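Undergrad: Numbering (the numbering used here), first residue to last: 715 to 1090.
We treat Cβ as the ideally placed atom computed from N, Cα and C, and that holds for glycine.
Being a predicted model, the structure only gives us computed values, none of them experimental.
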Amino acid sequence: MNSLPAIPTPPAQRWKDFRLQGLPIIAFAVVAATISYMWSRNLAPTTFVGEVEVVQENVASPKPGQLADLSVDQFQSVKAGEVVARVITTDPKVIEASLGVIRAEVELLKTGMDPILNQHRDAVNYQQLRLGWLVQRVDLAAARVRLQFAESELQRVARLFAENIVPRGIPQQATGQNGVSGYEVALRDRDALRTEVEERGNVVAEIEQKLRELKVPETWENPQTTSPAISAAIAVQDEKLRLTEAQLNPSILKAPMDGIVSKVLRRSGETVLAGDPIITLSAPRAQRIIGFMRQPLPFEPKVGDPVKVYTRRPHRQVADARIQQVGVQMELVTAPMRIRGFGTAMERGLPVLLNLPAGLEVHPGELVDLMIKPSR
């Protein structure tokens, strides 16, 4: 065994070894911990993505029915209050049935007037003239119902004819494909009904004018003073007919704001439900910007904090904005503002609403970069 004592290592050598081997590791660990601490507490990024707010409104029918006339197309400009569509809200079969009931009751009244015909000849003739006026109005209302649907059918056939789906004239069979007749057949039916409506309208107007010009005694309004049932029944039928005529008028849909037609969801001839969107209008200019501050929040944003807005166009624009409102809860970030490559990720952020700086040329829905400077 070697009995020689171990040669001691000088302290200077031990310090040298520590400086070369241990000190770099310790220094690296301390610097990494310091950087991590500073990054998490003070150096969290204050830049986030915002989207220029899109203002949209839907035009919908308050009642179910058939879309008869859609007068706008996609990307067309409209003004607030402009008529964009008409919806026939009453089933034509129901209207026809109501008119048939009124017609039958009027005929019954005419028959019931025979017993008093000899006693009150002139008064009865006056009442029969009124009844004839009611009958003509009933027939006019029925013709208007048929005309409305003939015009709707003509519009549908015209589109199919433009696409060479239906023939011009009468097809070899009774009807074309899907029960569609030729374009000229639909045009002929529409013109015939339009002529019928005009002629019946002239007859109704002429009888009404004669009734106004006649100066009749008050007793003629009640030909049998002991039994006013006939006059009352005529008045009832008159009110029923007025109600039916009011139901004939289609529901008029108007644009709720100035804007552009961004979506056309229904076409003429389609059946729509109450509240079912027909078109979507988009405002041509935006007023605000919405952004989402992702977690972890470097600070709590406050109303009035200044924000720099940077556009993503080739000629980048920079403008100053301020926070108008701050959300109270974390919400899902909309898909366009999610990090690229994570479009399906369910990311959450704190919503922040900014004013749109004056002079900043951006489109609704455009993405912008936001840099917030917190107030101290």
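Indicate whether the contact test is met: 3 or more Cβ pairs, each with one atom in the stretch 1000–1016 and one in the stretch 771–790, closer than 8 angstroms.
TA: They do not touch, by the three-pair rule.
Undergrad: Between Ala1035, Glu910, Ala872 and Arg1027, which has its C-alpha nearest Gly1005's C-alpha?
TA: It is Ala1035 whose Cα lies nearest to the Cα of Gly1005.
Undergrad: My output table needs one value for Ala799: the three-state DSSP class, helix, strand or coil.
TA: Strand at Ala799.
Undergrad: Should Arg914 go down as buried or exposed, given a rule of 16 or more other Cβ atoms within 10 Å for buried?
TA: Classification for Arg914: buried.
Undergrad: From Ile816, Val1047, Ser982 and Thr994, pick the residue whose C-alpha is nearest to that of Ser710; which is it?
TA: No answer is possible for residue 710: the residues shown for the chain start at 715 and end at 1090.
Undergrad: For Val1032, which of Gly1041, Val1040, Gln1038 and Lys1022 has the nearest alpha-carbon?
TA: Residue Lys1022 is the option with its Cα nearest to Val1032.
Undergrad: Could you check which residue in Arg1030, Lys977 and Pro1065 has the C-alpha nearest to that of Val1017?
TA: With distances taken between Cα atoms, Val1017 lies closest to Pro1065.
Undergrad: Which residues bound the alpha helix (DSSP H) around Arg728?
TA: From DSSP, the alpha helix (DSSP H) with Arg728 extends over Pro725 to Asp731.
Undergrad: Keeping to the same chain, check which residues put their C-beta closer than 7 angstroms to that of Glu922; ignore five residues upstream and five downstream.
TA: Cβ within range, chain order: Trp847.
Undergrad: Evaluate Glu1045 with the Cβ neighbour count: other Cβ atoms within 10 Å of its Cβ, from every protein chain shown; 16 or more gives buried, anything less gives exposed.
TA: Exposed, because fewer than 16 other Cβ atoms sit within 10 Å of the Cβ of Glu1045.
Undergrad: Which residues in the same chain have their Cβ closer than 8 angstroms to the Cβ of Pro725, if we skip the five residues on either side of it in sequence?
TA: Contacts found: none.
Undergrad: Put Gly1079 into one of helix, strand or coil per three-state DSSP.
TA: Looking at Gly1079 - three-state DSSP - the assignment turns out to be coil, as it is neither helix nor strand.
Undergrad: Quick one: Cα of Leu761 to Cα of Pro778, how far?
TA: Checking the displayed sequence, the identity of residue 761 turns out to be Thr instead of Leu. Approximately 49 angstroms between the Cα atoms of the pair.
Undergrad: For Ala782, list the residues DSSP reports as bridge partners.
TA: In DSSP, Ala782 forms no bridge with anything.
Undergrad: With DSSP as the reference, please indicate the residues paired to Glu765 in a beta bridge.
TA: Answer is Ile1004 and Leu1081.
Undergrad: May I ask you to report which of helix, strand or coil DSSP gives Gln886?
TA: Low per-residue confidence applies at Gln886: pLDDT is 46, beneath 50, and the placement is therefore not dependable, though the value from the model is reported in the following sentence. Gln886 falls in the coil class under three-state DSSP.
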